[in-house]
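Residue numbers (full-length UniProt numbering): 1 to 583. Notes for the one structure printed next.
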Amino acid sequence: MAPHADTIPTPETPSAGAANGRPHKHLRVSGAKIVDESNDRVMLKGTALGGHLNMENFITGYSGHEHEHRAAMAEILGDEKAAYFFDRFIHYFFRDEDAEFLASLGLNCLRVPFNYRHFIDDQDPAVIKQSGFALLDNIVEICARHGLYVILDLHTAPGGQNPDWHADSGVSRAQFWDFRIFQDQAIDLWVEIAKHYAGNPVIAGYNPLNEPADSKHTRLVAWYDRVEKAIRSVDPDHILFLDGNTFAMDFSHFASVLPNTVYACHDYAQLGFPIPGQAPYTGTSEQNAKLRSTFDRKAEFTRKHGVPLWNGEWGPVYSDERKDPNGAATNKTRLGVLREQLNIYAETQTSWSIWTYKDVGYQGMVYASPDSPYLNLIEPFIAKKQALGLDFWGVVDKSGVAGTYGPFLRDLKEKVPEHLRNSKYPPHWSFERQVERVVRECLMSEYLGKEFAELFRGKTFEEIDELAGSFRFESCVKRDGLNEALREDAARSALNPDWRGREVRIDVSIEDRAAQIPMQGLISFVLDLERTWLGGDPAAMPSNVLIDVEDLPRAAKEVGIVGYAAIGLDGGNVELKIPFNTS
Numbered sequence: 001m002a003p004h005a006d007t008i009p010t011p012e013t014p015s016a017g018a019a020n021g022r023p024h025k026h027l028r029v030s031g032a033k034i035v036d037e038s039n040d041r042v043m044l045k046g047t048a049l050g051g052h053l054n055m056e057n058f059i060t061g062y063s064g065h066e067h068e069h070r071a072a073m074a075e076i077l078g079d080e081k082a083a084y085f086f087d088r089f090i091h092y093f094f095r096d097e098d099a100e101f102l103a104s105l106g107l108n109c110l111r112v113p114f115n116y117r118h119f120i121d122d123q124d125p126a127v128i129k130q131s132g133f134a135l136l137d138n139i140v141e142i143c144a145r146h147g148l149y150v151i152l153d154l155h156t157a158p159g160g161q162n163p164d165w166h167a168d169s170g171v172s173r174a175q176f177w178d179f180r181i182f183q184d185q186a187i188d189l190w191v192e193i194a195k196h197y198a199g200n201p202v203i204a205g206y207n208p209l210n211e212p213a214d215s216k217h218t219r220l221v222a223w224y225d226r227v228e229k230a231i232r233s234v235d236p237d238h239i240l241f242l243d244g245n246t247f248a249m250d251f252s253h254f255a256s257v258l259p260n261t262v263y264a265c266h267d268y269a270q271l272g273f274p275i276p277g278q279a280p281y282t283g284t285s286e287q288n289a290k291l292r293s294t295f296d297r298k299a300e301f302t303r304k305h306g307v308p309l310w311n312g313e314w315g316p317v318y319s320d321e322r323k324d325p326n327g328a329a330t331n332k333t334r335l336g337v338l339r340e341q342l343n344i345y346a347e348t349q350t351s352w353s354i355w356t357y358k359d360v361g362y363q364g365m366v367y368a369s370p371d372s373p374y375l376n377l378i379e380p381f382i383a384k385k386q387a388l389g390l391d392f393w394g395v396v397d398k399s400g401v402a403g404t405y406g407p408f409l410r411d412l413k414e415k416v417p418e419h420l421r422n423s424k425y426p427p428h429w430s431f432e433r434q435v436e437r438v439v440r441e442c443l444m445s446e447y448l449g450k451e452f453a454e455l456f457r458g459k460t461f462e463e464i465d466e467l468a469g470s471f472r473f474e475s476c477v478k479r480d481g482l483n484e485a486l487r488e489d490a491a492r493s494a495l496n497p498d499w500r501g502r503e504v505r506i507d508v509s510i511e512d513r514a515a516q517i518p519m520q521g522l523i524s525f526v527l528d529l530e531r532t533w534l535g536g537d538p539a540a541m542p543s544n545v546l547i548d549v550e551d552l553p554r555a556a557k558e559v560g561i562v563g564y565a566a567i568g569l570d571g572g573n574v575e576l577k578i579p580f581n582t583s
């Protein structure tokens, strides 16, 4: 295996009585905050279990849509072996070791996307399958043991709530909005889920619909009104997390807010993706202003109405340093984007869930090892679908099909009047994006999805288990730079308003970057009810800085603090070790 910057973990056996297994408290909305039973503010910081109960092509390597992938695997392997593969995959993908790792980073929440097909058979939609609850219950119980809240996310709804691959409709139209029966099925499913989890404090709340895309805008608002009433009829207490329209980015047609509801945006930054012609992120004032203005636009609705905002998805993607000679430099810039976004969320006190926890190496916090049986089997296929541009999310370079696809696309575009080329919803999709969604991501992906399944032909049950086991935590690689950034940010939450009025002693480690000489400094300040005085050695950092308690993350950045570390209580005082930068 070629050297790389990330590491393979060696986990300890988890314990149900681990320190992270603290009791959960019921959460609710209070004004613009999420609070617990003690009325203490709770900042939800976590990740998502993408690709697990809602599979996605770029996460696990197949092409096309999940239902096509499952059908192709059944055709090649037979029903019994295919079912065995998916069962073992689900089993290995998330276990106690995974939850223990997330808790060790200081994260406190897991978003759990799921496909409606785990509960609803399209040929017998009136019956709710209990096997779906067994899958969710297992995740909830694991999270309970490790102090993680759970947000349940209907990622795939009947008919598809958006035209993308992750809605798993197999077509490029969001038919959920065209047929009332699909909308009713989703509401009926949520009623059963809410009945099942009513009163369970591990559940932070329900995310009824991932990234809705209603071209008329009004049908989504009406559906939210209906699903809120239906859920509240059986579970009046849990929070609802409602995505904005058009892939959780647009609240312009939301006129009012619902009770005990958090509104959710998805804040993917273009600077975190391989966009041709885009300059790499270097932290310029213009780039940072763009990151902030994009987020501010999405946050405008919740600020206007004084309700909480949850950033349900965000995060850059990463280059494969084994194959890309510029991969290390690229990934450094991507982590720079991530850290600046974390600063924005800290300053605005926005809860978040980064996408995604585990995959085959494109975006995950951990990923299947390149030397694993699974990656050894499918790596040539991944290279082929990358060259053909079959995945929207996972494709870095589409030049492999430019010779044939480019002229075809240009000819089609010329046939459409210019004023109509962006008339199809969603309006921010270019003509080229609309065509590639149909031709490459639907049609060609369906063809090649069968080629992917053929890689598994003739595999024994033992070999199938070994392939699925490639996703065990202990077999995966940790993306260290990403995880360290998340750990540092989670520790920022240490400055809890509950400590106002206490004397706080901070042992500060200082590094003189010019001389490269480690130094130590001691800063003391008192958290009071209104203001915080932050002072220290003038040679180390500006002294007598007066700031608001709620504004401490922003002020820390301004005076050069780059991260917060672990906290310890000693004699009623709170001690923090905070590294800061004197350059």
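Every residue, glycine too, gets a C-beta built ideally from N, C-alpha and C.
Alpha carbon of residue i to alpha carbon of residue j, nearest angstrom
i    : j    : result
K304 : A255 : 11 Å
R70  : H166 : 14 Å
R554 : I231 : Per-residue confidence for R554 stands at a pLDDT of 43, beneath the threshold of 50, marking its modelled position as unreliable; the derived number appears in the next sentence. Approximately 38 Å, taken between the alpha carbons.
P373 : S470 : 6 Å
Q349 : N311 : 11 Å
K424 : G244 : 19 Å
I34  : L27  : 7 Å
Y362 : K298 : 26 Å
N343 : F94  : 29 Å
L135 : G160 : 22 Å
G50  : V112 : 7 Å
F176 : L258 : 22 Å
C476 : H91  : 15 Å
R41  : K459 : 52 Å
G32  : F301 : Note that residue 32 is Ala in the sequence shown here, rather than Gly. Cα to Cα, the separation comes out at about 12 Å.
D489 : E451 : 42 Å
L37  : D359 : Inspection of the sequence shows that residue 37 is occupied by Glu rather than by Leu. In a straight line, the C-alpha of E37 is about 36 Å away from that of D359.
L467 : R457 : 13 Å
G336 : K415 : 42 Å
H67  : S172 : 15 Å
E474 : E192 : 35 Å
Secondary structure of residue i, DSSP reduced to three states
i    : result
W190 : helix
Y357 : coil
P373 : helix
A279 : coil
K323 : coil
T404 : helix
T350 : coil
R421 : coil
G272 : helix
D317 : In the sequence as displayed, the identity of residue 317 is Val instead of Asp. V317 falls in the coil class under three-state DSSP.
L309 : strand
Buried versus exposed, by CB contacts within 10 Å (16 or more), residue i
i           : result
L420        : exposed
I59         : buried
R410        : exposed
L443        : exposed
G205        : buried
R334        : buried
D498        : Low per-residue confidence applies at D498: pLDDT is 37, beneath 50, and the placement is therefore not dependable enough to give any value.
I181        : exposed
E462        : exposed
A157        : buried
N115        : buried
P417        : exposed
D122        : exposed
R145        : buried
residue 600 : The chain is shown only over 1 to 583; residue 600 falls outside these bounds and no answer can be derived.
N162        : buried
S252        : exposed
Y447        : exposed
N326        : exposed
Heavy atom of the ligand MG within 8 Å of residue i beta-carbon
i    : result
G481 : The ligand MG is absent from the structure shown, which contains no ligands of any kind.
Can you list the beta strand (DSSP E) stretches of 3 or more residues lying completely in the stretch 172-236, in chain order? 203-207
Counting Cβ pairs closer than 8 Å, one from the stretch 319-335 and one from the stretch 266-282, do we hit at least three? yes
Inspect the CB distances between the stretch 432-446 and the stretch 347-358 and report whether three or more fall short of 8 Å. no
Is the stretch 149-158 in contact with the stretch 203-223, if contact means three or more CB pairs nearer than 8 Å? yes
Three or more beta-carbon pairs under 8 Å between the stretch 375-394 and the stretch 44-59, yes or no? yes
3 or more residues per run - each beta strand (DSSP E) lying fully within the stretch 103-153: 109-115 and 124-128
Three or more C-beta pairs below 8 Å linking the stretch 311-327 and the stretch 65-79: no
Ignoring anything shorter than 3 residues, give me the beta strand (DSSP E) runs that lie fully in the stretch 32-97, in order along the chain. 33-35 and 45-48
Enumerate, from N- to C-terminal direction, the unbroken alpha helix (DSSP H) stretches of 4 or more residues contained entirely within the stretch 433-480. 445-454 and 461-468
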